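Undergrad:
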Amino acid sequence: MKTIISTSCSRFPCQPSKPSIFFKPSSLPNPGFLSLSRSMTSFKSSLSLASSVDNDQTGPIHRPSGEIHVIVGPMFSGKTTALLRRIKSEGNSGRNVAMIKSSKDTRYAIDSVVTHDGAKFPCWALSNLLSFKQKFGAEAYDKLDMIGIDEAQFFDDLYDFCCKAADCDGKTLIVAGLDGDYLRRSFGSVLDIIPLADSITKLTARCELCSKRAFFTLRKTDETKTELIGGADVYMPVCRQHYVNGQAAMEAARTVLESHSKVQTDSCLEEVAVV
Ligand SMILES: [Zn+2]
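Under the working numbering, the residues of the sequence shown are numbered 7 to 281, in order.
1) Taking 7 Å as the cut-off, is the C-beta of Val120 nearer than that to any heavy atom in ligand 1?
2) Could you tell me whether any non-hydrogen atom of ligand 1 is closer than 7 Å to the CB of Val244?
3) In the DSSP assignment, the alpha helix (DSSP H) including Leu89 goes from what residue to what residue?
4) Taking the beta carbon of Glu157 as the centre, do at least 16 other beta carbons fall within 10 Å, making it buried, or is it exposed?
5) Apart from the five residues on each side of it in sequence, which residues of its chain come closer than 6 Å, Cβ to Cβ, to Ser195?
6) Can you have a look at Gln140 and say buried or exposed, based on whether 16 or more other CB atoms are within 10 angstroms of its CB?
7) Less than 8 Å between the C-beta atoms of Leu90 and Ile77, yes or no?
8) Check this for me: beta carbons of Ile106 and Asp204, under 8 Å apart or not?
9) Is the segment 212–219 touching the segment 173–183, taking contact as three or more C-beta pairs under 8 Å?
10) Using the three-state DSSP reduction, which class does Asp148 fall into: helix, strand or coil?
11) Can you give me the C-alpha to C-alpha distance between Leu34 and Cys168, rounded to a whole angstrom?
12) So what's Val76 in DSSP terms, helix, strand or just coil?
13) Under three-state DSSP, which class holds Asp60?
14) May I ask you to report which of helix, strand or coil DSSP gives Asp166?
15) Leaving aside the five residues before and after Gly154 along the sequence, list all residues of the same chain whose C-beta is less than 6 Å from its C-beta, in chain order.
16) Taking only three categories from DSSP, how would you classify Lys208?
17) Starting from Leu141, follow the alpha helix (DSSP H) in both directions and report where the run begins and ends.
18) Thinking Thr207 and Gly72 are a contact (beta carbons under 8 Å), I'd like their distance in whole angstroms, please.
19) Helix or strand or just coil, what does DSSP make of Asp198?
20) Would you say Asp117 and Asn134 are within 8 Å of each other, going by their C-beta atoms?
21) Below 8 Å between beta carbons: does that hold for Thr227 and Val240?
22) List the residues that DSSP assigns as beta-bridge partners of Thr223.
23) Among Arg260, Ala220, Tyr249 and Gly252, which has the Cα closest to the Cα of Thr230?
24) Starting from Lys126 and walking both ways along the beta strand (DSSP E), at which residues does that stretch end?
25) Report back the beta-carbon spacing between Leu189 and Gln159 to the nearest angstrom; my notes put them in contact at under 8 Å.
26) Pull up the distance between the alpha-carbon of Gly186 and that of Pro128, whole angstroms please.
27) Which of the three DSSP states is assigned to Ala104 in this structure?
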């Protein structure tokens, strides 16, 4: 029986170079009856081949399956600490690890991930994740076992990178980021990767006002843009009750400030009119 070996398969867009076997329909004695069982056989064959063979001139490569573990929570909940602990532990066990953070976050250091309590780890500060392989070097990237991503909410290409790195390249990803912004709206693409994840951990902080468990981040200033990078001077972790009270207080303060500024503007206009 003839077979046609195709070097591409649209069913597996991540693995364009993996060979898939299709049976030539005209070569089958009874296509109407056999096509289903034959196509199931070829589908299983292609699955088996796709999972174990790489169309590389150097021969078959057995690539382990990747994983995605997501750590979310409000600010000051220990996300970066948990991420660093995992990455350091794997690195100490002899696995090849790398850490990436957003180049937008320069609060503590440009080339290190630093926790609020001062622990640090060297990292790549990038504006997008898909540039990582090229910047890190393709050969070095291929040897990586695990990649940590901190402040993941700042990466627009988070979903695409996670698919590529875990599904196609066999990397284990530990992704830490804010699930919600200061208004408790979904922040960046962090929630988009939940369907891709092997595990999700939601950490909590301590409410700065009552010491109960804190699930939310309250912004203490009247700045309203979503991405405002800051520490304890701008944000505080709060429980639900203090989030609701705090938001109400902030909105009341904002209304007072706005009306105050309107009065000042009106008074300036009146002065201009008088002059
Ligand atoms: Zn509280």
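Built from N, CA and C at the ideal position, the CB exists for glycine as well. Because the structure is a prediction, the values reported are computed rather than measured.
TA: Straight from the coordinates:
1) Counting from 1 along the sequence shown, the entry for residue 120 is found at position 114. Closer than 7 Å to some heavy atom of ligand 1: that does not describe the Cβ of Val120.
2) One-based indexing of the sequence shown puts residue 244 at position 238. Correct: Val244 has its Cβ closer than 7 Å to ligand 1.
3) Position 83 of the sequence shown, counted from the start, is the residue given in the question as residue 89. Leu89 -> alpha helix (DSSP H) spans Lys85 to Asn98.
4) Translated into positions along the sequence shown, residue 157 becomes position 151. With 16 or more Cβ atoms within 10 Å of its Cβ, Glu157 is classed as buried.
5) Counting from 1 along the sequence shown, the entry for residue 195 is found at position 189. Excluding sequence neighbours, Ser195 sits near Leu164 and Tyr165.
6) If you number the sequence shown from 1, residue 140 lands on position 134. Gln140 should be labelled exposed.
7) Along the sequence shown, one-based indexing puts residue 90 at 84. Along the sequence shown, one-based indexing puts residue 77 at 71. Not closer than 8 Å, so no.
8) Reading the sequence shown from its first residue, position 100 is the one you call residue 106. Reading the sequence shown from its first residue, position 198 is the one you call residue 204. Their beta carbons are not under 8 Å apart, which means Ile106 does not touch Asp204 by this criterion.
9) With the cut-off at 8 Å, the segment 212–219 and the segment 173–183 do not touch.
10) The residue given as residue 148 occupies position 142 in the sequence shown. Helix.
11) Working through the sequence shown from its first residue, we reach residue 34 at position 28. Working through the sequence shown from its first residue, we reach residue 168 at position 162. Confidence is the limiting factor: at Leu34 the pLDDT is only 40, short of 50, which leaves the residue's position unreliable and the question unanswerable from this model.
12) Taking the first residue of the sequence shown as position 1, residue 76 is located at position 70. In the structure shown, Val76 sits in a strand (DSSP, three-state: E or B).
13) As a position in the sequence shown, residue 60 is number 54, starting the count at 1. Only weak support is given to the placement of Asp60: the predicted model assigns it a pLDDT of 46, under 50, and the value that follows is read from those uncertain coordinates. Here Asp60 sits in coil by DSSP.
14) Here residue 166 is taken as the residue at index 160 of the sequence shown, counted from 1. In the structure shown, Asp166 sits in a helix (DSSP, three-state: H, G or I).
15) Your numbering for residue 154 matches position 148 in the sequence shown. So the list reads Leu89, Ile93, Met105 and Ile180, once near-sequence residues are dropped.
16) The count along the sequence shown starts at 1 and reaches residue 208 at position 202. Correct three-state label for Lys208: strand.
17) Against the sequence shown, residue 141 aligns to sequence position 135. Note on residue identity: the sequence assigns Lys, not Leu, to residue 141. Lys141 -> alpha helix (DSSP H) spans Phe138 to Phe142.
18) In the sequence shown, the residue the question calls residue 207 occupies position 201. In the sequence shown, the residue the question calls residue 72 occupies position 66. With a Cβ gap of about 18 Å, Thr207 and Gly72 do not count as contacting.
19) For the purposes of this step, residue 198 is identified with residue 192 of the sequence shown, where counting begins at 1. Of the three classes helix, strand and coil, the one that applies to Asp198 here is helix, per DSSP.
20) Within the sequence shown, residue 117 is the residue found at index 111, counting from 1. Within the sequence shown, residue 134 is the residue found at index 128, counting from 1. Contact flag unset, no.
21) As a first step, residue 227 must be located in the sequence shown, where it is residue number 221. As a first step, residue 240 must be located in the sequence shown, where it is residue number 234. Result yes, Cβ atoms of Thr227 and Val240 sit closer than 8 Å.
22) Within the sequence shown, numbered from 1, the residue matching residue 223 stands at position 217. Answer is Pro243, bridged to Thr223.
23) Taking the first residue of the sequence shown as position 1, residue 230 is located at position 224. Selected option, being the one with the closest Cα: Arg260.
24) As a first step, residue 126 is located in the sequence shown; it is residue number 120 there, counting from the start. Here the beta strand (DSSP E) through Lys126 covers Lys126 to Pro128.
25) Here the question's residue 189 lines up with position 183 in the sequence shown. Here the question's residue 159 lines up with position 153 in the sequence shown. Actually they do not touch by this definition, with Cβ atoms about 13 Å apart.
26) Numbered from its first residue, the sequence shown carries residue 186 at position 180. Numbered from its first residue, the sequence shown carries residue 128 at position 122. Going from the Cα of Gly186 to the Cα of Pro128 covers about 26 Å.
27) As a first step, residue 104 must be located in the sequence shown, where it is residue number 98. Of the three classes helix, strand and coil, the one that applies to Ala104 here is strand, per DSSP.
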